[in-house]
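Asker:
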Amino acid sequence: MGERHGRMLARLAEWGMSLAERLHDQALAAETPAEAAEAALAFQRVSRSVRQSLALEAKLARDAHLREAADRAQADQKREQRRREVYRAAVSLVWNEVDPSEDEFPDWDLAAATAAEALSQEEGFLARPMPELLDQIREALGLDELEAEEASGDAAPGAEPAGEPAPQDASRAPPPGWAPADDPALAGLSPNARISARRGWPPSPCDEGWDDFFEARRDTG
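In the UniProt record's numbering, the protein residues as written are 1 to 221.
(1) I need the DSSP call for Gly2, collapsed to helix, strand or coil.
(2) Rounded C-beta distance between Ala13 and Leu54? I'm assuming under 8 Å.
(3) Identify which residue in Glu80, Gln74, Trp108, Ala75 has its Cα closest to the Cα of Ala90.
(4) Looking at C-beta atoms only, is the number of pairs between the segment 41-54 and the segment 15-22 that lie closer than 8 Å three or more?
(5) Take every Cβ of the segment 119-126, pair it with every Cβ of the segment 66-82, and state whether three or more of those distances are shorter than 8 Å.
(6) Is it right to say Ala116 is buried, meaning 16 or more other beta carbons lie within 10 angstroms of its own, or is it exposed?
(7) By how many angstroms is the C-alpha of Lys78 removed from the C-alpha of Ala42?
(8) Quick one: what does DSSP say Gly142 is sitting in, helix, strand or coil?
(9) Name the two residues that bound the continuous alpha helix (DSSP H) containing Arg84.
(10) Thinking Ser111 and Leu141 are a contact (beta carbons under 8 Å), I'd like their distance in whole angstroms, please.
(11) Which first and last residues belong to the alpha helix (DSSP H) in which Ala112 is found?
(12) Whole angstroms are fine: how far does the CA of Gln121 sit from the CA of Asp135?
(13) With a threshold of 6 Å on Cβ separation, who are the neighbours of Val86 within its own chain once the five nearest residues in sequence on each side are excluded?
(14) Nearest to His24 by alpha carbon, out of Glu35, Ala40, Arg7?
(15) Check whether the segment 1-9 and the segment 55-75 are in contact - that is, three or more C-beta pairs closer than 8 Å.
(16) Residues in the same chain with beta-carbon distance under 7 Å from Val50, minus the five sequence neighbours each way, listed in chain order, please.
(17) Report the option in Ser92, Glu145, Ala36, Ala34 whose CA atom is closest to the CA atom of Pro131.
See below:
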């Protein structure tokens, strides 16, 4: 619409200039003062119309420029917001899948920011889905290779082979005769007797005495 209006105003200005030139010549060639005055008045009116056409044409061009600038600013804002979202997702991707140390992946955050910035400059960036963008960042950062190295292991010398349980620390092992709390053999025993049985101690008459004492205290409040 704006381009069409601009073309029409340009044509009106050209026609007005052509008419103004003829009126100018008529005013100069007039043989009587009345003819000269009439041509001069017509020239003024046409000249005013030409000036208005030129002013409107300039306004249309200025408005179009302002609209384009506003559209670019809005697009840049959306692009920057999307770039930040991609960067945050890339950071989460690195930490969740690789968990890098500074030795094996130095400056990983800078690499993620650089990859997100490069993607934001590509055509169609705003329309691309997040998984597709993250796949491209994964490839750019070489995360698959790092993940494969971690999985295959860089195992330290002397490490226990996979699948074999590590020997239990003897100092933390339960004493001989210790029974688990859910051992069926402990069912029906009093609390004190259950403790003694779990520890492998022989039953003691004191166990029942202490139980009666605590029961009485509980009943009396």
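Backbone N, C-alpha and C define an ideal beta-carbon position, used for all residues, glycine too.
Answerer: Let me lay it out:
(1) Position 2 of the sequence shown, counted from the first residue, corresponds to residue 2. Helix.
(2) Locating residue 13 in the sequence shown gives position 13, where the first residue counts as 1. Locating residue 54 in the sequence shown gives position 54, where the first residue counts as 1. Right, their Cβ atoms sit about 5 Å apart.
(3) Reading the sequence shown from its first residue, position 90 is the one you call residue 90. Among Glu80, Gln74, Trp108, Ala75, the Cα nearest to that of Ala90 is on Trp108.
(4) With the cut-off at 8 Å, the segment 41-54 and the segment 15-22 touch.
(5) A contact exists between the segment 119-126 and the segment 66-82.
(6) Position 116 of the sequence shown, counting from 1, holds the residue named residue 116. Looking at its Cβ environment, which holds 16 or more other Cβ atoms inside 10 Å, Ala116 is buried.
(7) The residue given as residue 42 occupies position 42 in the sequence shown. The residue given as residue 78 occupies position 78 in the sequence shown. Straight-line Cα distance between these residues: approximately 54 Å.
(8) Stepping through the sequence shown from its first residue, residue 142 is reached at position 142. Three-state DSSP puts Gly142 in coil, outside helix and strand.
(9) Within the sequence shown, residue 84 is the residue found at index 84, counting from 1. Counting along the chain, the alpha helix (DSSP H) containing Arg84 begins and ends at 33-97.
(10) As a position in the sequence shown, residue 111 is number 111, starting the count at 1. As a position in the sequence shown, residue 141 is number 141, starting the count at 1. The question names Ser, but residue 111 is Ala in the sequence shown. At roughly 6 Å, the Cβ-Cβ gap stays under 8 Å, so Ala111 and Leu141 are in contact.
(11) By one-based count along the sequence shown, residue 112 stands at place 112. Counting along the chain, the alpha helix (DSSP H) containing Ala112 begins and ends at 108-120.
(12) Working through the sequence shown from its first residue, we reach residue 135 at position 135. Working through the sequence shown from its first residue, we reach residue 121 at position 121. About 17 Å.
(13) Walking along the sequence shown from the start, residue 86 turns up at place 86. Around Val86: Ala116, Leu133.
(14) Position 24 of the sequence shown, counting from 1, holds the residue named residue 24. With distances taken between Cα atoms, His24 lies closest to Ala40.
(15) yes
(16) Taking the first residue of the sequence shown as 1, we reach residue 50 at position 50. The residues are Ala13, Gly16, Met17, Ala20.
(17) Within the sequence shown, numbered from 1, the residue matching residue 131 stands at position 131. The closest CA to that of Pro131, considering only Ser92, Glu145, Ala36, Ala34, is found on Ser92.
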